[in-house]
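One structure is given below, encoded as C-alpha cells.
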Amino acid sequence: MAEKNIVDELIIGNEVFVPFLTETVIQKRIVEIAEEINVDYKSKLPIIIGVLNGSFIFMSDLVKNITVQCEIDFFKLSSYGDSKISSGEVKLVKELNADIKERHVIIVEDIVDSGLSIKFIEELMARFLPASMKVVSLLMKPDSLKYKVNIDYIGFEIPNKFVIGYGLDYAQRYRNLRSIYMLKD
Ligand code: IMP
Ligand code: MG
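One point on numbering: in our numbering, the residue at position 37 of the sequence shown is 32, and numbering is uninterrupted.
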C-alpha cells in the first residue's frame, strides 16, 4: 500500500525537491529533544509557544512526547511572503493570548535561517518579563545566520538550502508532507 504524502521526488515548476529527512528520522530526534525538555523543566510548568504557521506539526509531535505539566499557546509572524527568500521584515500577525510574566517560556520554531525571526521574538518576549525563555527549533541553517541568536534545542543543523514539508511551506503549499524535502541544485 502506498503511504500518504510520501514521494521520491517532488517536481515543482522547474525545481526538483529530493527527500532529506524521513518521518522516522524526524520522530526519533523529537523524542530525544522532548526527553531533554522533560529533564530541564521537571516541576516547572513551562508555557510552550509555537510560532505559526511553520511550527504546527513539529509542535504537535513535540508536545505529545512532553511528560511534564505544560501549557500551550501560539503566535504568528509573517516575513517570507510567498518567496523562498526572506523579505527581511518581520511582522506580528497574531498576538499571544497568554500572560507570560514570570513564566518559563519555550518558543517552538520550525527553522532558524537568518535568525531575524528569533531575534524579533526574543526582544518581543523580553518585554513581558518571563522568568526564563528557551528556544527549540527543528531545523537550523548555521551558514545562513546573520543575527546573533541562542537556540537551546536544535533538531538538525542543515545546509543552506531551501526545504519544504513537515510544516515548512513553499508559497503556503507542501506543509502537509510527512517528511522534509530539499531543493536540488
Ligand atoms: P529567519 O527569520 O530568516 O531565521 O527565517 C525564519 C523563518 O523563515 C522560519 O520560521 C520559516 O518560516 C521560514 N524559512 C526559513 N528557511 C526556510 C526554508 O528553507 N523553507 C521554508 N521556510 C523557511
Ligand atoms: Mg516559521
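Just so it is clear, CB atoms sit at the ideal spot from N, CA and C, and this is done for glycine as well.
Backbone CA spacing between residue i and residue j [nearest angstrom]
| i | j | result |
| --- | --- | --- |
| Leu40 | Glu4 | 42 Å |
| Lys86 | Ile159 | 22 Å |
| Ile28 | Asp35 | 11 Å |
| Glu152 | Ser132 | 10 Å |
| Met(-4) | Ile52 | Confidence at Met(-4) is low in this model, with a pLDDT of 45, below 50, so the placement of that residue should be treated as unreliable; the coordinate-derived value is given next. Roughly 24 Å between the two C-alpha positions. |
| Lys141 | Gly83 | 11 Å |
| Ile42 | Arg98 | 7 Å |
| Lys96 | Lys89 | 19 Å |
| Leu134 | Val107 | 6 Å |
| Phe69 | Met120 | 13 Å |
| Asp105 | Asp164 | 10 Å |
| Ile67 | Lys156 | 31 Å |
| Asn171 | Ser38 | 34 Å |
| Tyr169 | Ile6 | 12 Å |
| Ser127 | Val100 | 6 Å |
| Glu118 | Ser139 | 21 Å |
| Pro125 | Thr17 | 35 Å |
Closest by C-alpha distance to residue i, when choosing among the options
| i | options | result |
| --- | --- | --- |
| Ser112 | Ser55, Gly150, Gly49 and Ile25 | Gly49 |
| Cys65 | Glu18, Phe157 and Gly45 | Gly45 |
| Val58 | Ser38, Glu30 and Phe15 | Glu30 |
| Gly150 | Met54, Lys71 and Lys89 | Met54 |
| Tyr148 | Ile102, Ile80 and Lys79 | Ile102 |
| Lys71 | Leu91, Lys37 and Asn171 | Leu91 |
| Thr19 | Asp56, Ser38 and Val11 | Asp56 |
| Glu10 | Lys79, Leu47 and Ile25 | Lys79 |
| Val130 | Arg173, Ile146 and Ile21 | Ile146 |
| Ser73 | Asn60, Arg24, Leu47 and Gly162 | Leu47 |
| Phe123 | Arg24, Ala93, Ser139 and Val2 | Ala93 |
Neighbourhood of residue i by C-beta distance below 6 Å, restricted to the same chain and skipping five residues each side
| i | result |
| --- | --- |
| Thr62 | Asn33 |
| Phe115 | Val85 |
| Val144 | Gly110, Ile113 and Lys114 |
| Val26 | Asn60 |
Neighbourhood of residue i by C-beta distance below 8 Å, restricted to the same chain and skipping five residues each side
| i | result |
| --- | --- |
| Gly8 | none |
| Phe182 | Here the chain comprises residues numbered -4 to 180, so residue 182 is not present and cannot be evaluated. |
Residue i Cβ short of 8 Å to the ligand ADP heavy atom set
| i | result |
| --- | --- |
| Tyr165 | By its list of ligands, the structure shown excludes the ligand ADP, since it contains just the ligand IMP and the ligand MG. |
Own chain partners of residue i with C-beta closer than 7 Å, once the 5 adjacent residues on each side are dropped
| i | result |
| --- | --- |
| Val13 | Glu4, Tyr176, Met177 and Lys179 |
| Gln22 | Asp56 |
Exercise. Run through the stretch 47 to 109 for me and flag every whole alpha helix (DSSP H) of 4 or more residues, listed as ranges in chain order.
Key: 51 to 59
Quiz item: Considering only residues of the stretch 110 to 142, which uninterrupted alpha helix (DSSP H) runs meet the minimum length of 4 residues and lie entirely inside it, listed in chain order?
Solution: 111 to 121
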